[in-house]
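The numbering of the sequence shown is my numbering, which starts it at 409 and goes up by one.
Just so it is clear, CB atoms sit at the ideal spot from N, CA and C, and this is done for glycine as well.
Because the structure is a prediction, the values reported are computed rather than measured.
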Amino acid sequence: MDERKPYRRAKVPAADSEIRVRRTVCDICAAGCNIDTYVENGTVIKVTGCRNSAYGNGYLCARGHANRPYIYHKDRIQTPLRRIGNRGEGAFEPVSWDEALDEIGKRLGDCRRKYNASAVAFTGGFSPWNRAALQRLAYSFGSVNYGSSWSLERSGAAIAGGAAAGCMSRPDIHHAGVVVIWGCNQYNKGNTVVDDALTQKRGAKVIAVDPRTTVSTYRLADLHLRPRPGTDAALAHGLGRIFIEKGWIDRRYVEQHVQGFFDYRAYVSDFTPERVEMLTGVSARELEAAAHMIMRSGPMSMLISEEAFSQMRSGVQTLRAIEALCAITGNYDVRGGMLPHAQPSVEERVLHEFVAAVQCNVPHESAGSRRYPLFAHFSRQCQLSDLNRQIRQGSPYPIRALCSFGLNINGYPNNKSWTTALESLDFFVDTDLFLTPTAKYADIVLPACSSFEREMLHTTPEQRIYYTPPVIAPLGQSRADLDIICALARRLAPEDTLLCSGAAALYDYWLSQMDLSLDILRHADEPIQLAQEPYRPGSYTSAGYRTPSGRYELRSGLMLQMGYSALPEYEPPRSDAEIREFPFVLSVGNRQTFGFHSRTHRIGWIRAMQPAPAVEIHPEDALLLGITDGDRVEIRTALGSVTMLAQLTRSIQRGMVSVLPDYEEADICSILPDDCVDPCSGVPAFRMMSCSLHPAQA
């Protein structure tokens, strides 16, 4: 009998089992959990969490466990492909890498010569290193048009923080006396959950503000406020009024470091507890209880969902309203409060300088900058929500080619307009692991590696850096994103010798700026602490804020100058006419623990957790509509309708429905209007759409 068989069956590494354990990082979502990968004869046979790692706490969520079927899925692309049919048909032929890269170089070069370099747009990049490399490639090529999913997800938070304080901020929950979790469900963020320092074990009080009931609200919260969707700014102004009326503000900080306090005070004076109750549904008693808890238990820190609020109609102004509470109470730039992100991390500094070294000065505005000047002021990216409009309309100048990494047009509102845009391009190249609905419109498709097949650098919030090698060889002819970017650079921007030198040279260059090398990281047993002085609370305030006034701006002169309200004014989320026609607030894309957008949707056992598209409805709303659990329901918007199954739940409020995207048989994004955006940022209001519900016809 072969003595190794029991070990193989149990997938246990042993001296004679030929099974080896290698560490990598899951990149299905952004949590960055460490994974122990069990490899036998070059094949992944099992994945587990790293028990001795702080990054994942030794556990894996469903997404992490999906890595093995994700890597070996039958639909993986394993060779470069060239389109031989009509766009969208999915008819391709395999070609060599040299053929594919040469054709890309020629066609994009032709586009630059015929129009200009900015007629070629570059999109994508998942890790910060890949994003920086792709952005540098765009600039070295001469194009101002680089964009990533950041423009659709969190850019509103960057604008809000920049307008108010000159930078974003982060919570110091480890030293807070009270933590306000505003619109944020930490338990659905991969395997990264709220630290025990946040819980009552340390004596900290927790207030959750969320229209939904979530794991965070019932496991962590001492008090749960449930405002109606889109009314968070009114709730924040109500708290601000109480703080001012009762004298619970930091007068010294306000006098010395806050701009526009008197205008703010006059504005919030109208937000009485009774009016706030009428607007938000949060009772006056609950509002006052929250204000008292904050004042008794401070200092106050906030966990705010940057993505959820960015994806609302007035996301930037709502974030400004919420963050203003920390400023007036003296909880900004203090231990246990909100700390300014005024000191970039080592990684951010290195990558910023890497991109800025070749940032092009061309007489072109990036896509979306004319429509969303505030976004353009705070970003070096184009606004992807406006990119397809410019492709279709050719205004203010034509964009005729696209080089994308992982573009998912099905995730955009009115995604049929993206189909029209892609069909009209002179040339389109897409890089992905699968022949996605987007990739079917490409002229060339390049096969990318999974995180298990490529080397990577990782940095942590504690300013540590570490390296993970590939744990298996690339499947077929797939290549790492960074290798592909460098190969494209040799054809598109040969004068950028650094980018053309290859991934290993780039890693060494980046690390040399940190007084490290790839060789040092390869031989390090633990993450290496980067040399950076820890931030000292109060130092940003002492130096003066990076705003026009040098103060925290409750009244923003920059926003006024660009045509927006200077104060963080509350706007009703929907008009009366809209409510009459489409009475329900439609929220699209709330995170689930079992999946991550379209990345895991093709994994059978994950799809089985919710095999059919469903719409969450409050039982009382369903009763009025004659709908029972499991019934087929038609969701209607101004653009059309889709049919899903009713899923009754009291976790959402009456008047609200929630839907997961990515079901091709009920494509919710196809009926979302693409003009429903935050006017400050251009971010689509995925969390604040409107719809009506109807029992589906048999």
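ask   = Quick check: the segment 776-792 against the segment 499-513, are there 3 or more CB pairs under 8 angstroms?
value = no
inquiry  = Can you tell me whether PRO902 is helix, strand or coil according to DSSP?
reply    = coil
message = Please confirm whether ALA974 has its beta-carbon closer than 8 angstroms to some beta-carbon of chain B.
response = The structure shown contains no chain B; it is built from a single protein chain.
ask   = What span of residues does the beta strand (DSSP E) with LYS454 cover, start to end?
value = 451-457
key: Residue range of the alpha helix (DSSP H) that includes GLU507   = The continuous alpha helix (DSSP H) containing GLU507 extends over residues 505-522.
ask   = With a cut-off of 8 angstroms, do at least 3 Cβ pairs link the segment 529-546 to the segment 696-716?
value = no
inquiry  = Less than 8 angstroms between the beta carbons of PHE813 and THR839, yes or no?
reply    = Against a cut-off of 8 angstroms, the Cβ pair of THR839 and PHE813 comes out as a contact.
key: Local Cβ density within 10 Å of PHE669, reported as buried at 16 or more and exposed below that   = buried
task = Classify GLN1105 as helix, strand or coil using the three-state DSSP reduction.
result = coil
inquiry  = For GLU448, which residues in the same chain have their Cβ closer than 6 angstroms to its Cβ, ignoring the five residues on either side in sequence?
reply    = GLU426 and ILE427
request  = Count the other CB atoms, across all protein chains shown, that sit within 10 Å of the CB of GLY1090; report buried if there are 16 or more and exposed otherwise.
outcome  = buried
task = Rounded to whole angstroms, what's the CA-CA distance from THR625 to ALA616? Just pull it up for me.
result = Those two C-alpha atoms are separated by around 6 angstroms.
ask   = If we count the other Cβ atoms within 10 Å of its Cβ and call it buried at 16 or more, is ASN460 buried or exposed?
value = exposed
request  = For LEU1111, I'd like the list of residues in its chain whose CB is within less than 7 angstroms of its CB, leaving aside the five on either flank, ordered along the chain.
outcome  = The shown model of the chain, from 409 to 1106, leaves out residue 1111, and the question about it has no answer.
task = Indicate whether the contact test is met: 3 or more Cβ pairs, each with one atom in the segment 787-803 and one in the segment 815-831, closer than 8 angstroms.
result = yes
task = Can you tell me which of the three DSSP states GLY723 falls into?
result = helix
ask   = Touch check for the segment 869-880 and the segment 1038-1045: three-plus C-beta pairs under 8 angstroms?
value = no
message = If we require 3 or more residues per run, which beta strand (DSSP E) segments fall completely within the segment 704-760?
response = 708-712 and 746-748
Proximity winner among ASN538, ALA881 and TRP537, relative to ILE479 (alpha-carbon distances) = ALA881
ask   = According to DSSP, is MET1064 helix, strand or coil?
value = Assigned with DSSP and collapsed to three states, MET1064 falls in strand.
ask   = Hey, ARG899 and GLY513: beta-carbon distance below 8 angstroms or not?
value = Closer than 8 angstroms, so yes.
message = Distance check for ILE453 and ASP618, CA to CA, integer angstroms please.
response = 40 angstroms
query = In the structure shown, what three-state DSSP assignment does ALA809 receive?
reply = The answer is strand: DSSP assigns ALA809 an E or B state.
message = What does DSSP give as the partner residue(s) for TRP558 in the beta ladder?
response = None, per the DSSP bridge assignment.
task = Can you give me the start and stop residues for the beta strand (DSSP E) that LYS613 sits inside?
result = 613-617
query = Between the beta-carbon of VAL1108 and the beta-carbon of MET922, is there less than 8 angstroms?
reply = Any property of residue 1108 remains undetermined from this structure, which presents the chain solely from 409 to 1106.
query = Mapping DSSP to helix, strand and coil, what is ASP671?
reply = helix
ask   = From what residue to what residue does the alpha helix (DSSP H) around SER920 run?
value = 911-920
query = Residues in its own chain within less than 6 angstroms of SER551 by CB, not counting five upstream and five downstream?
reply = ALA525, SER526 and VAL528
query = For the putative contact between GLY564 and SER577, defined by C-beta atoms under 8 angstroms, what is the C-beta separation to the nearest angstrom?
reply = Between SER577 and GLY564 the Cβ distance is about 14 angstroms, and since that is not below 8 angstroms, they are no contact.
inquiry  = Among LEU1056, ASP671, ARG1015 and MET1052, whose alpha-carbon lies nearest the alpha-carbon of ILE1025?
reply    = LEU1056
query = Can you list, in chain order, the residues of its chain whose CB lies under 7 angstroms from that of GLU715, leaving out five sequence neighbours each side?
reply = GLU561 and ARG562, listed in sequence order.
message = Threshold first: 3 residues or longer. Then list the beta strand (DSSP E) segments lying entirely within the segment 469-505, N to C.
response = 489-491 and 500-502
task = For THR600, I'd like the list of residues in its chain whose CB is within less than 6 angstroms of its CB, leaving aside the five on either flank, ordered along the chain.
result = At THR600 the pLDDT is 47, less than 50, meaning the model places this residue with poor confidence and gives no usable figure here.
query = Fully enclosed by the segment 930-1014, which alpha helix (DSSP H) runs are 4 residues long or longer?
reply = 947-951, 965-969 and 984-989
request  = Could you check the C-alpha separation between GLU685 and GLU731 for me, to the nearest Å?
outcome  = Roughly 21 angstroms between the two C-alpha positions.
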